[in-house]
Amino acid sequence: RGWSERRLRGILNTMGYISGYTWYMSLPITSVSANTAIYMCACAAVFLISIPVLREKITVIKVLALLICCTGIVLVSLFSSPKAEDIDPIPHNTTFTDNFFDLKPKPDPGPDTNVGSPLGYMLVLVSMFLYASYEVFYGYLLQTDQDKHPAMTSLKLVGYLGLTTPVLFAICLPIWHFAGWETLELPGHDKIGLFFIAILLDALFNIFLLLAIALSNPTLASVGQSLALPGSMVADFFIHHFLLPWPAMIGAGCVFLGFCGFVYEELKHSETASTMPEDRQALLSNSSESSAPPPYEELPTTSDNPNVA
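Take 912 as the starting number for the sequence shown in our numbering and just add one per residue.
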């Protein structure tokens, strides 16, 4: 059993690496809006994979909530590109500290005219499927572990990712560099700060994602990730003073509505699972007491009754 659990952790690490690498490869050869829409719809793939693996229950509200959420993701992805005249430009010859503390957006390069290639969309679909499988099989790992400390389990898995990264880095990077597939380029001094911030945020994201899966389920955690879209719209409004067009706002509302519907269905099923056995037990006990015959009085036997001849 222990060997199978370690093997499953190794498979999860491999899924995470391949998912991230194929997604990065898909970015230059796909449309940004289409790439975002496909990847953010991973909640639907998580739900479908959870049905055979985790015995996820199929209900009408869950299916409708996922459809509404995915529709909102597509709307936000298609209508979230700002126009160049709607944002304030900043000079390009600035340092990291200037860019970090001056939160104005950069000039928009124009509409997303990159249609993409079939290879790019195949890569992002593979990445999305592996990412969804990563979340579902982590939930399966928690079931097999029977671990009562989900926070420690999340930190343990992220720690395994961190330990295996230098090994793969030392083996694969020189081969890819000298073969010309991926050239090694160190970040400039103005990008070092952003580089370490990205590392910190990625580590925190993985920890809290696995913790959310441990405390709820993979599908709910995946649907919750889609709330980043309306959250980014709120940040754009208060920080950049930019308001997205109304189709994107409707999409953000659909994402929030789908999440609320899924949470309602999960809470309803959890309350039903916790209260129904007690109600049935009380009902059965009351019915058994009301229909039970009066206590049986044992009659004396022949040897104990002196009046019997």
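All C-beta atoms, glycine included, are put in the ideal place defined by N, C-alpha and C.
{"Check": "Contact between the region 1041-1053 and the region 1120-1137: three or more CB pairs below 8 angstroms?", "Outcome": "yes"}
{"Check": "Work out the CA separation of Pro1029 and Lys1017 for me, nearest whole Å.", "Outcome": "With a pLDDT of 43 at Lys1017, under the threshold of 50, the predicted position of this residue should be treated as unreliable, though the coordinate-derived value follows. If I take the Cα positions, the gap works out to 30 angstroms."}
{"Check": "DSSP three-state call for Trp1092: helix, strand or coil?", "Outcome": "coil"}
{"Check": "Roughly how many angstroms lie between the CA atoms of Thr907 and Ser944, to the nearest whole one?", "Outcome": "Only positions 912 to 1220 of the chain appear in this structure, which leaves residue 907 out of reach."}
{"Check": "When we look at the beta-carbon of Ala1114 and count the other beta-carbons within 10 Å, is it buried (16 or more) or exposed?", "Outcome": "exposed"}
{"Check": "Below 7 angstroms CB to CB, which residues in the same chain sit around Ser937 once its five sequence neighbours on both sides are set aside?", "Outcome": "Asn946, Gly1031, Leu1034, Val1035, Ser1038"}
{"Check": "Work out the CA separation of Arg917 and Val1069 for me, nearest whole Å.", "Outcome": "14 angstroms"}
{"Check": "Given that a residue counts as buried once 16 or more other Cβ atoms are within 10 Å of its Cβ, and exposed if not, what is Lys973?", "Outcome": "buried"}
{"Check": "Quick check on this structure: which residue in Pro1098, Gly1099, Cys1083, His1100 has the alpha carbon closest to the alpha carbon of Trp1092?", "Outcome": "Cys1083"}
{"Check": "For Arg966, count neighbouring C-beta atoms within 10 Å of its own C-beta (all shown protein chains included) and say buried if the count is 16 or more, exposed if not.", "Outcome": "exposed"}
{"Check": "When the distance is taken between beta carbons, is Ala956 closer than 7 angstroms to Phe1040?", "Outcome": "yes"}
{"Check": "Quick test of your reading: Cys1171 and Leu986, contact by CB under 8 angstroms. State the CB separation rounded to the nearest angstrom.", "Outcome": "In fact, because the Cβ distance is near 17 angstroms, the residues do not count as touching under 8 angstroms."}
{"Check": "What are the complete alpha helix (DSSP H) segments, minimum 4 residues, inside the region 938-981?", "Outcome": "943-951, 953-964"}
{"Check": "Could you spell out where the alpha helix (DSSP H) holding Leu1115 opens and where it closes?", "Outcome": "1103-1126"}
{"Check": "Indicate the three-state DSSP secondary structure (helix, strand or coil) for Leu1084 in the structure shown.", "Outcome": "helix"}
{"Check": "For Ala1146, which of Leu977, Ser1133, Ala1163, Ser1044 has the nearest alpha-carbon?", "Outcome": "Ala1163"}
{"Check": "Have a look at Asp1101 and Pro1085 and give me their C-alpha separation to the nearest angstrom.", "Outcome": "25 angstroms"}
{"Check": "Are Phe990 and Pro1156 close, meaning C-beta to C-beta below 7 angstroms?", "Outcome": "yes"}
{"Check": "Exposed or buried, Ser1181, counting other C-beta atoms within 10 Å across all chains shown (16 or more means buried)?", "Outcome": "exposed"}
{"Check": "Starting from Ser1137, trace the alpha helix (DSSP H) both ways and give me its first and last residue.", "Outcome": "Taken as a continuous stretch (DSSP letters only), Ser1137 belongs to no alpha helix (DSSP H), as it is neither H nor E."}
{"Check": "Applying the criterion that 16 or more other CB atoms from any shown protein chain within 10 Å of the CB defines a buried residue, is Met1063 buried or exposed?", "Outcome": "exposed"}
{"Check": "Roughly how many angstroms lie between the CA atoms of Ser1065 and Leu1072, to the nearest whole one?", "Outcome": "11 angstroms"}
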